Amino acid sequence: MPSAVEAALGTVLEPETVLAACDALATALRDAEHPVRARLAAHLPEDAGPQVLSELGHHLGRRELTRKLRRELGSAAPGRLERADPRETVYEAWAPVGLVAHVAPGNAATVAPLSIVEGLLAGNVNILKTSGSDTLFTQHLMAELAALDPTGAVAARVMVLRFPSSRQDWLQLMCAPADAVAVWGGEGAVEGVAAHVPAGCRLVEWGHRISFAYLTRDAWADGAALDALADDVCRYEQQACASPQVVYLDTEDEAEVFAFAERFAAVLAKRPAAAPLPGGQQPDPAEEAELTTTELVARLEEHLGLTRVFAAADGSWRVMADTRSPLTASPLHRSVWVKPLPRARLIGTLRPMRRYLQTAGIAGSRTDIAELSRTVLAAGATRVTPVGAMLDSYAGEPHDGVYALQRYSRRVAVQADPGRFATTACLDDLARTVVLPPPAGPLLGKEEVQGLNRQVARADAELYFRSGGSTGAPALSLFSYDDYDTQMHAAARGLLAAGYDPAGDRTANLFYCGGMYGSFISFFSVLERLGGVQLPLAAGPDHRATAQTLIDHGVDTLFGMPSYLWQLLHAESDALRAYGGLRKVFYGGEHFTEEQQRTLKDTFGIEVVRSITYGSTDLGPLGYQCTESTGGVHHLHADLHSLEILDLEEDRPVPPGGTGRLVFTTHARRGQQLGRYVIGDLGRAVPGRCPCGNRAPRFELRGRTGDVMRVATYFLNHRR
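Numbering-wise (this note's numbering), the sequence shown opens with residue 323 and increments by one.
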């Protein structure tokens, strides 16, 4: 095993590889007729299988996992060594801890596979132990996941074992080489595994927790609140850590506690009988004994005036009112304590049990919820929910007060020489090429993409841009804010590579603004992410006022379209030449000819003239220039896109160095599948490694293909 682990850790597991495989598996699990779902259902109890598979189909989807990555590790590609502050050559990333050993419980079919997926998202090699009494469901699920990854990277990072915990010798062998051990279960299970964790190894405990509900006077008088509370008690028969075991009332009056318990018992009595639990397990003899003993002791204490018990004749539920406030664990299976606890005594009563606290379900006024949330969190609870939603969760939710992905990761940093790394935005670009899943599916044109845009769900269509129409009629492009943020960060990295200095440059954003066009607002966002000084002037007809603003504020860098910048510079030539402070021009939307670039340098003293980005409104930034790039040569944003260059007439790759149609596949989009998009540009692959040191593939733009093209604000018809 050591050699296999070392080989796997010697390569980088791209999050996109994991996301693509998980999303494909999730799609299969949500399809009742899919053969993968049928194969996996055979390893689950018939009554619980559909629920387990549907739950996994939800949690393994791209939307949920991407949100989890962003929330817990800050981005969808947290392992890339990028500048923490764009103005400094200090690079930070989340790195895997290495080998993670997962010891899963035997009573939760979804826990084991989801724990492995968390380990994969963090880039780790994972070895999992399932209970000796479990079926081979997790093993087969992981095999299906690995089969959906054409790179083989997932298969190289997952090992699943099944053996009983009594085999302590095997458990010791499993934990010995681990860099982190994640264990699920009660104190006994955690202690048993901890004994085998070597010194310096991170122990990640996902132990049993106790949760409670807290009701103010107005809330406990509300029938709807009692129904919601009963939902929390009956869901999963209190087997989840977030299930309420105690109901606290904001009172000191014992009579109110007893009266509430009687009312709540009537609500529980109307609930249907318990449904089979996931996995099919029922109370074992020890649990049955605990249920009986707890109820009998509570009934005996009735004679002391301490308790009052309301229970079903068949033992299917019980409500036990207790005049003593300290937190008491319930025997579960619809068994709940009701206790008094004035809010003034909340912290003092609960804090001694802070190690075990998890969820507090609070019912009350808006002010009560705000105040009580702070109080129960101070007492040790890690999450607060409305009553009725205690078992609900969301992607990226902290688990027992921490982010799981951070527990499976290390925060690492590299400090580099500012002089040598001034134009390096991501250190990984100098070391390796990003490998993404290969493009698949049919070729798409503008019309097909516009058709897909009309199918985008409303939740994913958060930002609308109008295309400039460089190949025809203007159209709309849709983005989620997450996608937009990812693309603006990519464009910012490209600007650094092109020679933009966020610590020193003073920039005028002179792109056109308004009309739903994206150029001005996009580069406003890029500069915001870079922390660069910006004057958001926009292109305007008053060249004299614009030039005077540039001079008054010491602007040395211009962003804009060549046609506008050319007009501005020549209209105010005398003033700007006398100023002599302009040093850099970054342009987009059109091209400066070589002769125009010579004029900018010779006449206006401009030292750097480069493309600000190469992209399209639909796909966002596709390529960027570095300090060694000339003409139409760009590096590919390889962390976002795959590039194919296809023959002009046939849908096959061109020979090496040949000119063909540029076909892009975007991998980092939410709610849209923009694969194999023929955007209308011609280009060729540039062979060899760039002198700048960047390993991202290079291509050279060689014109356009099609019947319509845009030059400045004019459309010209031509034939290919």
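All C-beta atoms in this analysis are idealised placements derived from N, C-alpha and C, irrespective of residue type, glycine included. Being a predicted model, the structure only gives us computed values, none of them experimental.
Please determine, among 990, 477 and 512, the residue with the shortest C-alpha to C-alpha distance to residue 809.
Here residue 809 refers to the residue found at position 487 when the sequence shown is read from its first residue. Residue 990 is the option with its Cα nearest to residue 809.
Practice problem: Measure the CB-CB distance between residue 746 and residue 1018 and report whether it falls below 9 angstroms. | Solution: If you number the sequence shown from 1, residue 746 lands on position 424. If you number the sequence shown from 1, residue 1018 lands on position 696. It is not a contact, given that the beta carbons lie outside the stated cut-off.
Is residue 649 buried or exposed, if buried means 16 or more other CB atoms sit within 10 Å of its CB? Position 327 of the sequence shown, counting from 1, holds the residue named residue 649. When all chains shown are included, residue 649 counts as buried.
Which partner residues of residue 644 appear in the DSSP bridge assignment? Reading the sequence shown from its first residue, position 322 is the one you call residue 644. According to DSSP, which records beta bridges pairwise, residue 644 is partnered with 629.
(message) Out of 966, 495 and 455, which one is the CA nearest neighbour of residue 761?
(response) Stepping through the sequence shown from its first residue, residue 761 is reached at position 439. It is 966.
Report the three-state DSSP secondary structure of residue 282 (helix, strand or coil).
-> The structure shown does not extend to residue 282, since the chain is modelled only from 323 through 1042, so no value can be given for it.
Since residue 364 is in the alpha helix (DSSP H), which residue starts that stretch and which ends it?
One-based indexing of the sequence shown puts residue 364 at position 42. Per DSSP, residue 364 belongs to no alpha helix (DSSP H) and is neither H nor E.
- Query: If we ignore side chains and look at the alpha-carbon of each, how far apart do residue 955 and residue 837 end up?
  - Reply: Mapped onto the sequence shown, residue 955 falls at position 633. Mapped onto the sequence shown, residue 837 falls at position 515. For residue 955 and residue 837, the distance between alpha carbons rounds to 30 angstroms.
Rounded separation between residue 784 and residue 803 - CA only:
Numbered from 1 along the sequence shown, position 462 holds the residue referred to as residue 784. Numbered from 1 along the sequence shown, position 481 holds the residue referred to as residue 803. Cα to Cα, the separation comes out at about 6 angstroms.
Out of 708, 567, 829 and 811, point me to the one whose CA is closest to residue 875's CA.
Numbered from 1 along the sequence shown, position 553 holds the residue referred to as residue 875. Comparing Cα positions, the closest option is 829.
Note to self: Taking 9 angstroms as the threshold (C-beta atoms), are residue 348 and residue 371 in contact?
What the structure shows: As a working mapping, residue 371 is identified with position 49 in the sequence shown. As a working mapping, residue 348 is identified with position 26 in the sequence shown. No, Cβ-Cβ distance for residue 371 and residue 348 is not below 9 angstroms.
Notebook entry, point to check: DSSP state of residue 639, grouped into three classes?
Noted result: Here residue 639 refers to the residue found at position 317 of the sequence shown. Correct three-state label for residue 639: coil.
Is the beta carbon of residue 502 less than 9 angstroms from the beta carbon of residue 733? Translated into the one-based positions of the sequence shown, residue 502 becomes position 180. Translated into the one-based positions of the sequence shown, residue 733 becomes position 411. No. Outside cutoff.
Item to complete: Using the Cα positions of residue 453 and residue 486, report the straight-line distance between them to the nearest angstrom.
Response: One-based indexing of the sequence shown puts residue 453 at position 131. One-based indexing of the sequence shown puts residue 486 at position 164. If you take the alpha carbons of residue 453 and residue 486, they lie about 6 angstroms apart.
query = Would you call the segment 583-590 and the segment 610-623 in contact, with 3 or more CB pairs under 8 angstroms?
reply = no
>> Classify residue 508: buried if its beta carbon has 16 or more other beta carbons within 10 angstroms, exposed otherwise.
In response: Taking the first residue of the sequence shown as position 1, residue 508 is located at position 186. It counts as exposed.
| query | By a C-beta neighbour count over all protein chains shown, 10 Å radius and 16 as the cutoff for buried, is residue 629 buried or exposed? | reply | The residue you call residue 629 lines up with position 307 of the sequence shown. Looking at its Cβ environment, which holds 16 or more other Cβ atoms inside 10 Å, residue 629 is buried.
>> Am I right that residue 443 and residue 424 are in contact with their C-beta atoms under 8 angstroms? What's the rounded C-beta distance?
In response: In the sequence shown, residue 443 corresponds to position 121, counting from 1. In the sequence shown, residue 424 corresponds to position 102, counting from 1. Actually they are not in contact, since the Cβ atoms of residue 443 and residue 424 sit about 14 angstroms apart, beyond 8 angstroms.
Q) Quick one: is residue 906 buried, meaning 16 or more other Cβ sit within 10 Å of its Cβ, or exposed? A) Here residue 906 refers to the residue found at position 584 when the sequence shown is read from its first residue. So residue 906 ends up on the buried side.
- request: Whole angstroms is fine: what's the gap from residue 891's alpha carbon to residue 882's?
  value: Position 569 of the sequence shown, counted from the first residue, corresponds to residue 891. Position 560 of the sequence shown, counted from the first residue, corresponds to residue 882. Their backbone Cα atoms lie some 12 angstroms apart in a straight line.
Here's the rule: buried if 16 or more other CB atoms are within 10 angstroms of the residue's CB, otherwise exposed. What is residue 337? Start at 1 with the first residue of the sequence shown, and residue 337 comes out as number 15. So residue 337 counts as buried.
(message) Can you find the residues in the same chain that come closer than 8 angstroms, C-beta to C-beta, to residue 889, ignoring five residues on each side of it along the sequence?
(response) The count along the sequence shown starts at 1 and reaches residue 889 at position 567. The answer, listed in chain order, is 865.
Next on the checklist: Below 8 angstroms, how does it come out for the segment 558-576 and the segment 651-658: are there three or more Cβ pairs, yes or no?
Outcome noted: yes
(request) Go through its chain and collect everything with a Cβ distance to residue 602's Cβ below 6 angstroms, but skip five positions before and after it. (result) Position 280 of the sequence shown, counted from the first residue, corresponds to residue 602. Any reading at residue 602 needs caution, since the residue's pLDDT is 49, under 50, leaving its predicted position unreliable; the model's value is listed next. Hits under 6 angstroms: 367 and 370.
Go ahead and label residue 817 buried or exposed: buried means 16 or more other beta carbons lie within 10 angstroms of its beta carbon, across all protein chains shown. As a first step, residue 817 must be located in the sequence shown, where it is residue number 495. The residue is buried, with at least 16 neighbouring Cβ atoms inside 10 Å.
| message | residue 748 and residue 385 - do their beta-carbons sit closer together than 9 angstroms? | response | Here the question's residue 385 lines up with position 63 in the sequence shown. Here the question's residue 748 lines up with position 426 in the sequence shown. Against a cut-off of 9 angstroms, the Cβ pair of residue 748 and residue 385 comes out as no contact.
### Query
Tell me which same chain residues have a C-beta within less than 8 angstroms of the C-beta of residue 361, skipping the five on either side of it?
Stepping through the sequence shown from its first residue, residue 361 is reached at position 39. Closer than 8 angstroms at the Cβ level, and outside the excluded window around residue 361, lie 462 and 466.
* Quick check: the segment 682-702 against the segment 534-550, are there 3 or more CB pairs under 8 angstroms? -> yes
query = Thinking C-beta only, is residue 943 closer than 9 angstroms to residue 912?
reply = Sequence index remark: in the sequence shown, residue 912 carries index 590 (1-based). Sequence index remark: in the sequence shown, residue 943 carries index 621 (1-based). No. Outside cutoff.
Check your understanding: Is the segment 412-424 touching the segment 394-404, taking contact as three or more C-beta pairs under 8 angstroms?
Key -> yes
**Item:** Neighbourhood of residue 664 by C-beta distance below 7 angstroms, restricted to the same chain and skipping five residues each side
**Value:** In the sequence shown, counting from the first residue as 1, residue 664 sits at position 342. Around residue 664: 572, 573 and 574.
Worksheet entry | the ligand ZN heavy atom lying under 8 angstroms from the CB of residue 812 | Within the structure as shown, the ligand ZN is missing, as the structure has no ligands at all.
- May I ask you to list the residues that DSSP assigns as paired with residue 460? As a position in the sequence shown, residue 460 is number 138, starting the count at 1. Paired residues: none, contrary to the question.
For a quick check, are the C-beta atoms of residue 640 and residue 609 less than 9 angstroms apart? Taking the sequence shown and counting its residues from 1, the one referred to as residue 640 is at position 318. Taking the sequence shown and counting its residues from 1, the one referred to as residue 609 is at position 287. For residue 640 and residue 609, no; Cβs fall outside 9 angstroms.
Distance, residue 326 Cα to residue 489 Cα: Taking the sequence shown and counting its residues from 1, one reaches residue 489 at position 167. Taking the sequence shown and counting its residues from 1, one reaches residue 326 at position 4. C-alpha separation (whole angstroms): 24 angstroms.
**Message:** Whole angstroms are fine: how far does the CA of residue 934 sit from the CA of residue 493?
**Reply:** Here residue 493 refers to the residue found at position 171 when the sequence shown is read from its first residue. Here residue 934 refers to the residue found at position 612 when the sequence shown is read from its first residue. Answer to the nearest angstrom: the Cα atoms are 56 angstroms apart.
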